[in-house]
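Sequential numbering of the sequence shown, starting at 659, is according to the working numbering. Input: a single structure, listed below in structure tokens.
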Amino acid sequence: YALMDMPEPPPPKKVTKKKSAPKLIIDRTGETDNARYTGLKMSALMDDDAMGQALQEAAEKVKRGESLRKRLVEEDYVMPYADNTNKGPRQTPLWTPEKLDEAGRKAGEAQAWARKARMGELKKDPFEMLAVEGELRLYSVVAAMTVAIAFGNSSKQALDMIGASGFDPLLEVLKLPALTLLAAGLGSGLANALIFAPEKKRSGFVWGVKGLMGGPLALRQLRELDELKTIGESEGR
């Protein structure tokens, strides 16, 4: 405030006002606590008029439902922060019929939304797993070995080491099948991912990878499968 040449506002009352807890003073001698007075009792009064007046006051107190015994100071003492003036927010809401109805309505809407979302989910199918198995794996192994032998830099050296250098022309012949297998895998992967998988509501990525690895076999497998249905469609809802 001083740097901005602004008057400093007064502190809030919460800061300036100091709260002090009440002090408990227990009078053991009866000087300030009338309930501890040990003088003459009603039955020990010598004056009949005073005794009659005391009895009348006692009868009136009984009619009003008041106690004849005076309360001690410590009986009315309240521990600091034990009253209801320092309460935080409710930990549990105050339930009313309206609030119960509102909570039930919201819970019903949440359950209906979850049920509807579940019915819209596609049903799980083991063919939708990203796993190259069976004939697809065999095709991928054969294709990989053919490409490796046909285009490998060490194929000729390997034939020389085993004394089969006369089969060098065979490597040139293998290049055509190797290119055919590569083209078939690439074409099958693209066809699965872009055409056949979306038509059957299946994963284009999964079947694209399967087509790339399994070639025409993966393409044939996908075309033989039925359209993937949702849970609601399979249950007839």
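Beta carbons: idealized from backbone N, C-alpha and C, even for Gly. Being a predicted model, the structure only gives us computed values, none of them experimental.
Same chain, Cβ closer than 6 Å to Ala-842, neighbours up to 5 away in sequence not counted: Gly-873, Pro-874
3-residue-minimum beta strand (DSSP E) runs that sit fully inside the stretch 804-848, ordered along the chain: none
Among Leu-832, Trp-865, Glu-885, nearest to Ala-801 - alpha-carbon criterion: Leu-832
For Glu-718 and Glu-756, the rounded distance between their alpha carbons: 48 Å
Backbone secondary structure at Ala-662 - three-state DSSP: It should be pointed out that residue 662 corresponds to Met in this sequence rather than to Ala. DSSP places Met-662 in coil when its eight states are reduced to three.
Buried or exposed by the 16-neighbour rule on C-beta atoms within 10 Å, applied to Phe-854: buried
Between the CA atoms of Gln-714 and Asp-706 - distance to the nearest angstrom: Whole-angstrom Cα-Cα distance: 12 Å.
DSSP three-state assignment for Lys-887, whether helix, strand or coil: In the displayed model, Lys-887 falls within coil according to three-state DSSP, outside both helix and strand.
Separation of Leu-829 from Ser-813, as counted between CA atoms: Distance between the alpha carbons of Ser-813 and Leu-829: 8 Å.
Buried versus exposed, by CB contacts within 10 Å (16 or more), Ala-775: Ala-775 comes out exposed.
Meets three-Cβ-pair contact criterion under 8 Å: the stretch 874-888 and the stretch 784-800: yes
CB of Lys-908 within 8 Å of CB of Leu-883, strictly: Since the first residue shown for the chain is 659 and the last is 895, residue 908 is missing from the structure and cannot be characterised.
Where Tyr-659 falls, given that 16 or more other Cβ within 10 Å makes a residue buried: Burial check for Tyr-659: the Cβ neighbour count within 10 Å stays below 16, so the residue is exposed.
Start and end residues, alpha helix (DSSP H) containing Tyr-878: Note on residue identity: the sequence assigns Arg, not Tyr, to residue 878. Taken as a continuous stretch (DSSP letters only), the alpha helix (DSSP H) holding Arg-878 covers 874-882.
Nearest-angstrom Cα separation, counted from Thr-754 out to Glu-666: 48 Å
Euclidean distance between Cα positions of Gly-847 and Gly-766: 45 Å
Nonlocal neighbours in the same chain, by C-beta distance under 8 Å from Pro-835, ignoring five residues either side: Thr-804, Ala-808
Where Met-871 falls, given that 16 or more other Cβ within 10 Å makes a residue buried: buried
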